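S.K.: Numbering (the working numbering), first residue to last: 83 to 345.
Quick one: structure below, then a few questions.
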């Protein structure tokens with residue numbers, strides 16, 4: 083179950099901020115049908131040419147009694163001509179009694195300069211990570227902030243990004259699927275026009291060898307993760323809905339407009 087939460091965590095927590103770079107708090111609920119699975123919160127603080135991001139996801143409701151899960155992330159970014167670029171990233175996840183942490187720092191050329199992992203990667207369980215895989219890579223937050231800027235400029239989300247999060251090296255593929263007119267079915271849910279984008283993870287290194295979540299093996303997995311980008315409140319683009327087709331069915335993350343704040 084924690085791998086499902088990790089997919090949701092990335093989809094929500096790595097992809098929410100304003101193109102105008104206003105400090106923002108976003109709260110999402112994650113559910114399977116009418117069963118609440120988790121809650122996620124994101125806090126974005128923007129300076130003149132930098133940003134600090136804090137994100138969290140916690141199992142909640144019925145599932146918390148059987149599969150408790152917590153994840154935290156903190157990132158520092160800088161804005162350059164090429165777009166948002168990572169400086170540091172800390173990530174932690176706790177599942178039961180197991181704790182996993184990673185810290186990464188980047189140099190001015192977007193290459194990993196220092197990093198630490200606890201516990202270290204077990205190469206009997208994961209695919210190897212080479213030094214070259216840490217060259218010219220972004221963190222997940224920078225990648226999707228660049229995507230939001232691209233959507234603002236073109237109305238399209240078809241792009242690819244090279245990312246590293248301290249334990250896994252991925253290539254992210256976003257593709258435009260079309261548009262939707264979302265209707266409000268729950269309190270605080272977004273209603274209105276939304277751009278639909280698929281998100282596909284192409285694993286490169288550090289992934290579990292026996293993981294069910296490895297993408298890139300089947301073409302029909304291209305739309306397993308769908309992100310819906312809309313303009314709530316003051317009109318800035320944020321993910322208002324995320325759908326993940328998993329082994330338990332479709333899991334949905336919904337932005338709660340009642341708890342969204344913009345400064």
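Glycine included, C-beta positions come from ideal geometry on N, C-alpha and C.
In this text, all values refer to a predicted model and were calculated from it rather than measured experimentally.
To the nearest angstrom, how far is it from the Cα of residue 327 to the Cα of residue 254?
M.R.: Taking the first residue of the chain shown as 1, we reach residue 327 at position 245. Taking the first residue of the chain shown as 1, we reach residue 254 at position 172. Cα-Cα distance, rounded: 17 angstroms.
S.K.: Looking at residue 268: is its Cβ nearer than 8 angstroms to the Cβ of residue 246?
M.R.: Within the chain shown, numbered from 1, the residue matching residue 268 stands at position 186. Within the chain shown, numbered from 1, the residue matching residue 246 stands at position 164. Result no, Cβ atoms of residue 268 and residue 246 do not sit closer than 8 angstroms.
S.K.: In the structure shown, what three-state DSSP assignment does residue 328 receive?
M.R.: The sequence position of residue 328 within the chain shown is 246, counting from 1. Reduced to three states, the DSSP call for residue 328 is strand.
S.K.: Tell me whether residue 198 sits in a helix, a strand or coil according to DSSP, three-state version.
M.R.: In the chain shown, residue 198 corresponds to position 116, counting from 1. Looking at residue 198 - three-state DSSP - the assignment turns out to be strand.
S.K.: What is the DSSP secondary structure of residue 341, reduced to helix, strand or coil?
M.R.: Against the chain shown, residue 341 aligns to sequence position 259. Three-state DSSP puts residue 341 in a helix.
S.K.: Helix or strand or just coil, what does DSSP make of residue 216?
M.R.: Within the chain shown, residue 216 is the residue found at index 134, counting from 1. Residue state, collapsed to three classes: helix.
S.K.: Nearest-angstrom Cα distance between residue 152 and residue 137?
M.R.: Taking the chain shown and counting its residues from 1, the one referred to as residue 152 is at position 70. Taking the chain shown and counting its residues from 1, the one referred to as residue 137 is at position 55. Computed Cα separation, rounded: 11 angstroms.
S.K.: Give me the Cα-Cα distance between residue 306 and residue 104, rounded to the nearest whole angstrom.
M.R.: The count along the chain shown starts at 1 and reaches residue 306 at position 224. The count along the chain shown starts at 1 and reaches residue 104 at position 22. The alpha-carbon atoms of residue 306 and residue 104 are separated by roughly 31 angstroms.
S.K.: Alpha carbons only, please: which of 130, 202 and 276 is nearest the one belonging to residue 161?
M.R.: Counting from one through the chain shown, the residue named residue 161 turns up at place 79. Here the closest residue by C-alpha is 130.
S.K.: Evaluate contact between the region 204-214 and the region 230-237, counting only Cβ atoms and requiring at least three cross-stretch pairs below 8 angstroms.
M.R.: Verdict: no, contact absent.
S.K.: Considering residue 110, what are the terminal residues of the beta strand (DSSP E) in which it resides?
M.R.: For the purposes of this step, residue 110 is identified with residue 28 of the chain shown, where counting begins at 1. 106-114 is the extent of the beta strand (DSSP E) around residue 110.
S.K.: Between which two residues does the beta strand (DSSP E) containing residue 184 stretch?
M.R.: Numbered from 1 along the chain shown, position 102 holds the residue referred to as residue 184. 180-188 is the extent of the beta strand (DSSP E) around residue 184.
S.K.: On the DSSP bridge assignment, give the partners of residue 267 in chain order.
M.R.: As a first step, residue 267 is located in the chain shown; it is residue number 185 there, counting from the start. Partner(s): none; residue 267 has no beta bridge.
S.K.: Along the chain, where does the alpha helix (DSSP H) containing residue 222 start, and where does it finish?
M.R.: To locate residue 222, count along the chain shown from 1; it is residue 140. Segment 222-236, the alpha helix (DSSP H) holding residue 222.
S.K.: By a C-beta neighbour count over all protein chains shown, 10 Å radius and 16 as the cutoff for buried, is residue 278 buried or exposed?
M.R.: Position 196 of the chain shown, counted from the start, is the residue given in the question as residue 278. Taking all protein chains shown into account, residue 278 has 16 or more neighbouring C-beta atoms within 10 Å of its C-beta and is therefore buried.
S.K.: Contact defined as beta carbons within less than 8 angstroms: I believe residue 182 pairs with residue 175. What is the distance between those atoms, to the nearest angstrom?
M.R.: Residue numbering aside, residue 182 sits at position 100 when the chain shown is read from its first letter. Residue numbering aside, residue 175 sits at position 93 when the chain shown is read from its first letter. The Cβ separation is near 5 angstroms, so the contact holds.
S.K.: Under a three-way DSSP split, which group does residue 133 fall into?
M.R.: The residue given as residue 133 occupies position 51 in the chain shown. It is a strand residue.
S.K.: Taking the C-alpha atoms as reference points, what is the distance between residue 190 and residue 281?
M.R.: For this step, residue 190 is matched to residue 108 along the chain shown. For this step, residue 281 is matched to residue 199 along the chain shown. As the crow flies, the alpha-carbon of residue 190 is around 28 angstroms from that of residue 281.
S.K.: Per DSSP, residue 323 is paired with what?
M.R.: Residue numbering aside, residue 323 sits at position 241 when the chain shown is read from its first letter. Looking at the DSSP assignment, residue 323 forms a beta bridge with 310 and 336.
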